[in-house]
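From first to last, the protein sequence lines are chains C and U. Counting along the first sequence from 1, when you hit position 174 you're at 157 in my numbering, and nothing is skipped either side. Quick note: to get my numbering, add 76 to the position in the second sequence (first position is 1). Quick reminder that beta carbons are idealized off the backbone N, C-alpha and C, glycines included. Source: prediction; values computed, not measured. Comments concern the structure below.
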Amino acid sequence: MKSFLEALRGQPGPIAATAFILLLVLYAFTVPLFTADPFSMAGMSILDAFTPPLWMDGGQTAMPLGADDQGRNLLTAMAYGLRTSIMVGVISVVIGLVLGGALGLISGFVGGRTDALIMRLADVQLAYPALLLAMVIDAIATAVLGRGRSNEMAIAIVIVSIGIAFWVQYARTIRSSVMIERNQEYVAAARVTGRSNTAILVKHILPNVMAPVLVIATINLGIAIITEATLSFLGIGIPATYPSLGSLIRNGNAYLQSGEWWISLWPCLVLVVLVVAVNVLGDHLRDHFNPKIRGRS
Amino acid sequence: MISYTVGRILQTLLVLLVISFIAFLLVATLGDPLGLLLPPEASLADRQELIARLGLDQPLLARFLHFLGGMMQGDFGLSYRTQEGVGAMIAARLPATIELAFASLLVTLFVGVPLGILCGVRPNAAISRVVMLVSIAGITLPNFVVGVLLIAIFSVQLGWFPSFGRGQTVDLGGWTTGLLTLSGWQAVILPAITLAAFQVTFVIRMLRTQLLEVGQSEHIRFARARGLSERRVWFSYAMRNALLPTITMLALQLGNVIAFSVVTEGVFAWPGLGSLFLQSVQSADIPVIAIYLIFVGAVFMIINLIVELSYPLLDPRLRRGRA
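This is how it looks when you write it as structure tokens:
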């Protein structure tokens, strides 16, 4: 945390990005506390359907950004959608991190055949872009679990699909760091004191190889959020009956043709601001924690 | 050189074999082909007959060999969703995707390359700065958002281009083309720009970085010292060195382009391979997904192989080094 604040000192771009992220998180997690869920009966009022934004003819002060086809206040609906998107993004990154991290640790520490097997698996997976893989995993989950799935099930499937699609990068990074660390003297010292392999891996090596991976995770958070939005937009991820940035844009896209642009373009804007902010922060952290670049700037 | 080439080809074939096996496992273990292919009133005899016809009573390895053999003869299995042959479905959708990819390649070549050269040769000019600023949008905007924005502006507000479909197509003996009609050209423009947005940005940034680097190098300074014209220095000396890494990086991005083509086809309801894949994912049509994965993997790896094996043709130093 301290080094994170240090990384931001005197950097207006990354500071602004962090501020935007905090604002959006605040918006996403406080608005739902005192408003009715726009995707329940209480949250929509069909009489207000297609209310335009405040500054256009027929705008209402209660709905400054307008309402969608079901009369949902977009300002509220987007908070719910943003909350889903942020949670899906964060949890899927954590899943990818844990899965890739564990495989990378094992691969780098054990070596030999296990290492070869895991890394060849990674090679095969790298022949496909993560977005495509997430779609395929989603389809497999649908085939296994059946089609009549609930909203919660659909969200869980999306999270796991994105998590699995991104494990390779973490595994490769951790593996290469572990291969360097395992020959260090402190590992030999720990072994002499009689610690088990698991304890050495988790308690001694892991803390030393985490930093670069956490930076990759920040960058991947942006990609994971885009992936969720893309999947939901294409009708594969989160169903249209549940708010996420992607499903809101998908819903609004149907009315783009008839001129109700605000239903899809506001969520697009929020998505872009969130992703750009996360990317700016991620890029900055990568440069800051990369000693090769650090010396030059 | 020859042993290296053969080695790389064998390696590619091996990975393709692994991919085919994984794809086969998907088909073999997921879903219930009998329940989906048989009508509900089918008799036990019908059932037995289908089991034998699909080879479901064989051991797994034999079924895999049968699967591979079938693919060699153009039998790619049956779709659960439409019960058509997967091969025929893919063949019917392929022209639309190839034409979209071709159109977006044209956009990349005629927009990305000139702008990249401009930004590399004149990095401090105002117009280069504007191009670099706008190119950030190409990297950060999600692909489908680019499509939605283009539709909002150019087909809803301005009404210049259609927002979905291929327009009027002409059938040229199995190959349906939209490039012979005016409406076909109008229809391809927005999807092509959407698909190219990423590549254009990528080419601009790569060419700029490469040209800036090459521009500093000894042989360029020497060429200038010999009194060659600026035009000659940049186009026949610097470009030669800058193109190779750009082409390599672009080829490595092919996987992303394939994924983006799925998204683009989804946004514009473009009736190509990508929409076929989307429909298959939505309905969990595993046989189509499996064949699509093999197809995409094969295209991706063959293009990578061609790029890698053609280095010596582009770069004489590699020819001498390995001979």
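* Nearest CA to the CA of residue 229/U: which residue from 144/C, 15/C, 89/C, 239/C? -> Nearest to residue 229/U by C-alpha distance, out of 144/C, 15/C, 89/C, 239/C, is 239/C.
* Does residue 286/U come within less than 8 Å of chain C when only Cβ atoms are used? -> Taking Cβ atoms only, chain C never reaches closer than 8 Å to residue 286/U, which makes this a no.
* Looking only at its own chain, which residues have a Cβ that is under 7 Å from the Cβ of residue 191/U, when we skip the five neighbours before and after it? -> Excluding residues up to 5 positions away in sequence, 207, 280 lie with their Cβ nearer than 7 Å to the Cβ of residue 191/U in the same chain.
* To do: State whether the stretch 61 to 75 of chain C contacts the stretch 10 to 23 of chain C, with contact taken as three or more CB pairs (one from each stretch) at a distance under 8 Å.
  => These segments touch.
* **Proximal chain U residues relative to residue 14/C, where beta-carbon distance stays under 7 Å** => Correct list: empty, because the minimum Cβ distance to chain U is about 23 Å.
* **Enclosing beta strand (DSSP E) for residue 248/U [first to last residue]** => Bounds of the beta strand (DSSP E) holding residue 248/U are 246 to 248.
* **residue 218/C (DSSP reduced to helix, strand or coil)** => It is coil, neither helix nor strand.
* Distance, residue 351/U Cα to residue 276/C Cα -> Here residue 276/C scores only 47 on pLDDT, less than 50, and its place in the model should not be relied on; the value that follows carries that caveat. Going by C-alpha positions, residue 276/C is about 43 Å away from residue 351/U.
* **8 Å Cβ cut-off: residues of chain U touching residue 258/C** => The contacting residues are 216, 218.
* Report yes or no: is there a C-beta of chain C within less than 8 Å of the C-beta of residue 398/U? => In this predicted model, residue 398/U has a pLDDT of only 49, less than 50, meaning its place in the structure is not dependable; the value taken from the coordinates is given anyway. False, the Cβ-Cβ gap to chain C never drops below 8 Å.
* To do: Grab me the residues of residue 255/U's own chain with a C-beta within less than 7 Å of its C-beta, minus the 5 sequence neighbours each way, in chain order.
  => Non-local beta-carbon contacts of residue 255/U in its own chain, meaning distances under 7 Å to residues more than five positions away in sequence, involve 175, 261 in chain order.
* Where the beta strand (DSSP E) containing residue 251/U begins and where it ends -> Start and end: 251 to 253.
* Give the interface partners of residue 106/U over in chain C, defined as CB-CB distance under 8 Å, in chain order. => Listed along chain C are 123, 126, 127, each with a C-beta nearer than 8 Å to that of residue 106/U.
* Neighbour flag for residue 331/U against chain C, beta carbons, 8 Å -> Closer than 8 Å to the CB of residue 331/U there is at least one CB belonging to chain C.
* Asked: In angstroms, rounded to a whole number, what distance separates the CA positions of residue 117/C and residue 254/C?
  -> Approximately 19 Å between the Cα atoms of the pair.
* To do: Less than 8 Å between the CB atoms is what I'm expecting for residue 224/C and residue 134/C, so what's the real figure, rounded?
  => Right, the Cβ-Cβ distance comes to about 7 Å (below 8 Å), so this counts as a contact.
* Thinking C-beta only, is residue 232/C closer than 8 Å to residue 250/C? -> Taking 8 Å as the Cβ cut-off, residue 250/C and residue 232/C qualify as a contacting pair.
* To do: With 8 Å as the C-beta to C-beta threshold (strictly closer), list the residues of the stretch 224 to 257 of chain C near chain U in chain order.
  => Result list: 232, 236, 239, 240, 242, 244, 247, 248, 251, 254, 255.
* To do: Just the chain C side, please: which residues come within less than 7 Å of residue 342/U by C-beta, in chain order?
  => Among the residues of chain C, those whose CB is under 7 Å from the CB of residue 342/U are 217, following chain order.
* DSSP on residue 155/C, reduced to helix/strand/coil? -> The three-state reading of DSSP puts residue 155/C in helix, counting H, G and I together.
* Assigned exposure category for residue 164/C - 16 Cβ within 10 Å defines buried -> Buried.
* Distance, residue 107/C Cα to residue 159/C Cα -> The straight-line gap from Cα to Cα measures roughly 19 Å.
* Of all the CB atoms in chain U, is at least one closer than 8 Å to the CB of residue 276/C? -> Unreliable placement is indicated for residue 276/C, whose pLDDT of 47 sits below 50; the coordinate value is still reported in the next sentence. With 8 Å as the cut-off, residue 276/C does not count as an interface residue toward chain U.
* Could you give the distance in angstroms between the alpha-carbon of residue 222/U and the alpha-carbon of residue 237/C? -> Here the alpha carbons of residue 237/C and residue 222/U stand approximately 16 Å from one another.
* From residue 263/C to residue 229/C, what distance separates their C-alpha atoms? -> Distance between the alpha carbons of residue 263/C and residue 229/C is about 21 Å.
* To do: Use the C-beta contact count for residue 378/U: other C-beta atoms within 10 angstroms, 16 or more gives buried, fewer gives exposed.
  => Exposed, because fewer than 16 other Cβ atoms sit within 10 Å of the Cβ of residue 378/U.
* From which residue to which residue does the alpha helix (DSSP H) around residue 160/U run? -> It is not in any alpha helix (DSSP H) - residue 160/U carries neither H nor E in the DSSP assignment.
* Asked: With 8 Å set as the bound, which would you pick, yes or no: does the beta-carbon of residue 376/U sit closer than that to a beta-carbon of chain C?
  -> For residue 376/U, the answer is yes, since a Cβ of chain C falls inside 8 Å of its Cβ.
* Taking any Cβ of chain C, which residues in the stretch 216 to 247 of chain U have a Cβ under 9 Å from it, in chain order? -> Taking 9 Å as the Cβ-Cβ cut-off against chain C, the residues of the stretch 216 to 247 of chain U that qualify are 216, 217, 218, 219, 220, 221, 224, 225, 227, 228, 231, 232, 233, 239.
* Residue from 374/U, 286/U, 389/U with nearest C-alpha to residue 90/U -> By alpha-carbon distance to residue 90/U, the top candidate from 374/U, 286/U, 389/U is 374/U.
* To do: Check the Cβ of residue 285/C against every Cβ in chain U and list those closer than 7 Å, keeping chain order.
  => With chain C covering -16 to 280 only, the question about residue 285/C has no answer from this structure.
* **Residue-chain proximity (residue 365/U, chain C), Cβ-Cβ < 8 Å** => Put simply, the CB of residue 365/U is near chain C, with a gap under 8 Å to one of its CB atoms.
* For residue 200/U, name the three-state secondary structure that DSSP assigns. => Correct three-state label for residue 200/U: coil.
* Asked: Closest to residue 156/U by CA distance: which of 366/U, 246/U, 371/U is it?
  -> Nearest option by C-alpha distance: 366/U.
* Thinking C-alpha only, which one of 47/C, 141/C, 155/C is nearest residue 88/C? -> It is 155/C whose Cα lies nearest to the Cα of residue 88/C.
* To do: Express the C-alpha separation of residue 173/U and residue 315/U in angstroms, rounding to a whole number.
  => Taking the straight line joining both Cα atoms gives about 31 Å.
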